[in-house]
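Take 1 as the starting number for the sequence shown in full-length UniProt numbering and just add one per residue. For each residue, glycine too, the CB sits at the ideal point set by N, CA and C. Being a predicted model, the structure only gives us computed values, none of them experimental.
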Amino acid sequence: MAVFRHSAESLVQLVSESVPERVLSDVIAENLRASQGINPGKGERRSWDRSIPILARDLVEAGLGGVEMLIEYQLPLTSKRADVILAGRDRRTGADSYLIVELKQWSHAELYEDDAELVLVPGMAERPKLHPVVQVRGYCEYLADFVGALDQHRNAVRGVAYLHNANDLDIHDLYDHVEDERTRLFSKTRRGQFVDYLKAQFAPEPGRGAADRLLSSSIRPSKQLLKAAAGEIKNRDQFVLLAEQRLAFEMVMHAVEKARASNSKQVVIITGGPGSGKSVIALSLLGEVSERGYTVLHATGSRSFTETMRKVVAKGSSRLKAMFKYFNNFMTATPNDLDVLICDEAHRIRETSENRFTKAAQRTGRPQVDELISAARVPVFLLDEHQVVRPGEMGRVADITAYAHSLGLDVHQVDLDAQFRCGGSRKYEEWVLRLLGLDGEAPEVWKGDDHFAVSLTESPYELEALLRARLEAGYSARITAGFCWPWSSPNDDDSLVADVRIGDWARPWNVKGDRAVGNAPASALWASATGGFEQVGCVYTAQGFEYDWNGVIFGPDLVYRDGKLVTVRSASKDPALMRKGVSDEQADQLIRNTYKVLLTRGMMGTAVYSVDPDTQEFLSKLLETGM
Numbered sequence: 001m002a003v004f005r006h007s008a009e010s011l012v013q014l015v016s017e018s019v020p021e022r023v024l025s026d027v028i029a030e031n032l033r034a035s036q037g038i039n040p041g042k043g044e045r046r047s048w049d050r051s052i053p054i055l056a057r058d059l060v061e062a063g064l065g066g067v068e069m070l071i072e073y074q075l076p077l078t079s080k081r082a083d084v085i086l087a088g089r090d091r092r093t094g095a096d097s098y099l100i101v102e103l104k105q106w107s108h109a110e111l112y113e114d115d116a117e118l119v120l121v122p123g124m125a126e127r128p129k130l131h132p133v134v135q136v137r138g139y140c141e142y143l144a145d146f147v148g149a150l151d152q153h154r155n156a157v158r159g160v161a162y163l164h165n166a167n168d169l170d171i172h173d174l175y176d177h178v179e180d181e182r183t184r185l186f187s188k189t190r191r192g193q194f195v196d197y198l199k200a201q202f203a204p205e206p207g208r209g210a211a212d213r214l215l216s217s218s219i220r221p222s223k224q225l226l227k228a229a230a231g232e233i234k235n236r237d238q239f240v241l242l243a244e245q246r247l248a249f250e251m252v253m254h255a256v257e258k259a260r261a262s263n264s265k266q267v268v269i270i271t272g273g274p275g276s277g278k279s280v281i282a283l284s285l286l287g288e289v290s291e292r293g294y295t296v297l298h299a300t301g302s303r304s305f306t307e308t309m310r311k312v313v314a315k316g317s318s319r320l321k322a323m324f325k326y327f328n329n330f331m332t333a334t335p336n337d338l339d340v341l342i343c344d345e346a347h348r349i350r351e352t353s354e355n356r357f358t359k360a361a362q363r364t365g366r367p368q369v370d371e372l373i374s375a376a377r378v379p380v381f382l383l384d385e386h387q388v389v390r391p392g393e394m395g396r397v398a399d400i401t402a403y404a405h406s407l408g409l410d411v412h413q414v415d416l417d418a419q420f421r422c423g424g425s426r427k428y429e430e431w432v433l434r435l436l437g438l439d440g441e442a443p444e445v446w447k448g449d450d451h452f453a454v455s456l457t458e459s460p461y462e463l464e465a466l467l468r469a470r471l472e473a474g475y476s477a478r479i480t481a482g483f484c485w486p487w488s489s490p491n492d493d494d495s496l497v498a499d500v501r502i503g504d505w506a507r508p509w510n511v512k513g514d515r516a517v518g519n520a521p522a523s524a525l526w527a528s529a530t531g532g533f534e535q536v537g538c539v540y541t542a543q544g545f546e547y548d549w550n551g552v553i554f555g556p557d558l559v560y561r562d563g564k565l566v567t568v569r570s571a572s573k574d575p576a577l578m579r580k581g582v583s584d585e586q587a588d589q590l591i592r593n594t595y596k597v598l599l600t601r602g603m604m605g606t607a608v609y610s611v612d613p614d615t616q617e618f619l620s621k622l623l624e625t626g627m
């Protein structure tokens, strides 16, 4: 792992007449660019002007000039960075010892509404920030959970928050409920105590070896984390596997045991429509593989899906949340460090993990599928090809299989032909495929199914009223629409703009970002949190989720003309379809797949409405009105 590192003594020497303190930030920035491709912003560099030299001088004063300082250390498989990790030898045992230091230049801070985990900092907006000790405690847990060298030595990692500009009186209530044997808080007032603390932690010896061992260690979930995941996931009685689901599960477990026994690599692909149980299989595998003590992670390409997994499956456990990753977290993963990588919603795999934030050193053009296959002995891909809805997504069976074969790897495929969403109605899924022209067959009249209700509403008002009645009866319900209206940022008064307008009916899209706006939940929680019904969901928010009753508004991008449904690319407001290089043929497929996703979110029933009169009339010949 590339990282900017110096002993405390050598860093203090940098802050000399030849390299004055005011430009130390530029020295660090240049080293970070060279070693990691990072180009820190000016605000970050200003924080280094004082914080890093102060910490280095404290170490030298403590007689610990040989302790290694790992600056801006990137936590494995994340984009998060610890300000500094000190690496050295434990004064008592002589073993490797590490101290994560979170540096804050705050001169004043107070608890947010007496919440021991949140603080307010004057001059830094009026939104709460995470308590720095809670922050560093999380870094300690994460490092111990994912760095192989620490698997059996969790106590070798400790953490401190160092507010070197603050007097005790200005941060006094931050000391409440935050200290334990592994994490501490120090201020300018307690600098002497901090120096004594450093003396008690480290022996006055060079820390180069300890730093080397940390940086070269394998990256994988620890035994303790796997045990916690197994206990949390396997005790959930809703994860019951039936028929093909069980077959897929057993195929993966067989591949895992075979790969371990023969020191080989196996690729497994599991395909199935919406509600066929792919995510149930994924979570069951996560629990079982964890229980056997094998290294495993779950990953998706969907922020909404991953964040909901972290909130629901890992509820109450910050450690377990770390088991849920994104596909682009494996750009620098060591090959085969994991036994199993579960790639859920694998139709969201991108051509490459690179984006505008990617470090220059990592812009290699490497295919994302190569990163995922490389990361584990048994990469498992769970996907539905009809849910590819963005340009650049290439999660198709043929693409994954061809790439695996090009590497000389065996591929095992299991197709799930059961249907669990949509009330278990295979008939409804087939009806949707025919309606959208996705299976080569002509649309047909909906003939009904005792397990699933489908109807046409005559206005958006009727659609909303029908679903609101279901919501008030205790069911879950949501309205979605094709991406045919602009998606505005919130108003200055923190209200949402009613962008989805049909006549005099108007509603906002779901929230764009990661924080709630008024009573509207954050984007990732729209499908599951209270308040989501009041906004219209888009495909990027709805994909991967389910609710009891489903409403779908057909926009002008999919209309009935000359005896069939046709797509109108110019009517779409989806920025993804406006990119150069996206052909009309690709846009047509993506729009149809979008409506396939939207139409198959319901567990008990779906109601539809089209803004286009001809399309509404066409649908009226296929569906009954009311529900």
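- For Phe-249, the CB contacts under 8 Å within the same chain, skipping 5 residues up- and downstream, are Leu-241, Ile-281, Ser-284, Leu-285, Glu-288 in chain order.
- Collapsing the DSSP output to three states places Glu-102 in a strand.
- Taking 8 Å as the upper bound for CB-CB distance, Ala-524 and Ser-264 are not in contact here, some 37 Å apart.
- From the listed residues Ser-107, Glu-113, Val-136, Lys-129, the smallest Cα separation to Leu-99 is found for Val-136.
- Around the beta carbon of Asp-83, 16 or more other beta carbons lie within 10 angstroms, which makes this residue buried.
- Under DSSP, Arg-158 forms a beta bridge with Leu-99.
- In this structure, the beta-carbon distance from Met-69 to Leu-11 falls below 8 Å.
- For the pair Leu-466 and Thr-457, the CB atoms are nearer than the 8 Å cut-off.
- A Cβ-Cβ distance of about 5 Å is found for the pair Gly-551 and Ala-607, placing them in contact under the 8 Å criterion.
- In the structure shown, Ala-516 adopts coil according to DSSP, grouped into three states.
- Out of Asp-494, Ala-346, Thr-295, the CA that lies nearest to the CA of Val-340 is found in Thr-295.
- Sequence-distant Cβ neighbours of Gln-413 in its own chain, meaning closer than 8 Å and more than five residues away, are Val-268, Ile-269, Ile-270, Thr-271, Val-397, Thr-401.
- For Lys-227, no pairing in a beta bridge is given by DSSP.
- Proximity of the region 576-589 to the region 484-497 falls short of the contact definition, fewer than three beta-carbon pairs being nearer than 8 Å.
- The C-beta distance from Ser-279 to Asp-344 rounds to 6 Å, short enough to fall under 8 Å.
- In the DSSP assignment, Glu-354 falls outside any alpha helix (DSSP H), carrying neither H nor E.
- Ala-571 and Pro-556 have their C-alpha atoms roughly 6 Å apart.
- Excluding the 5 residues flanking it on each side, Ala-375 has same chain C-beta neighbours closer than 6 Å at Phe-330, Ala-333, Leu-338, Leu-341, in chain order.
- Ile-171 sits in coil when the DSSP states are folded into three classes, being neither helix nor strand.
- Taking one beta carbon from each stretch, the region 251-265 and the region 181-197 have fewer than 3 pairs nearer than 8 Å; the two do not touch.
- Counting the other Cβ atoms within 10 Å of the Cβ of Gly-365 gives fewer than 16, which makes it exposed.
- For Ile-219 against Val-147, the beta-carbon gap comes to about 7 Å, under 8 Å, which counts as contact.
- For Asp-548, the closest alpha carbon among the candidates Ser-476, His-386, Gly-94 is that of Ser-476.
- For the region 173-218, the full-length alpha helix (DSSP H) segments reaching 4 residues or more read 191-201, 208-216 along the chain.
- Annotation note: the region 554-600 contains the following uninterrupted beta strand (DSSP E) runs of length 3 or greater, listed N- to C-terminal: 558-561, 564-567.
- The DSSP-derived three-state label of Cys-343 is strand.
- For the region 463-519, the full-length beta strand (DSSP E) segments reaching 3 residues or more read 477-481, 500-502, 505-507 along the chain.
- Nearest to Val-445 by alpha-carbon distance, out of Arg-158, Leu-14, Gly-66, Phe-618, is Phe-618.
- Partner residues in the beta bridge of Val-84, as assigned by DSSP, are Ile-71, Val-101.
- By the criterion of a C-beta distance shorter than 8 Å, Cys-538 is surrounded in its chain by Thr-480, Ala-481, Phe-483, Trp-487, Trp-509, Asn-510, once the five residues flanking it on both sides are discounted.
- Judged by DSSP in its simplified three-state form, Asn-550 adopts strand.
- Between Ile-52 and Arg-5, the alpha-carbon positions lie close to 12 Å from each other.
- Annotation: the continuous alpha helix (DSSP H) that includes Phe-618 extends over 613-620.
- The beta carbons of Ala-346 and Tyr-326 sit about 13 Å from each other, so the pair does not count as a contact at 8 Å.
- Under the three-pair Cβ rule at 8 Å, the region 165-177 counts as touching the region 94-111.
- The Cβ atoms of Gly-66 and Gly-207 lie closer than 8 Å to each other.
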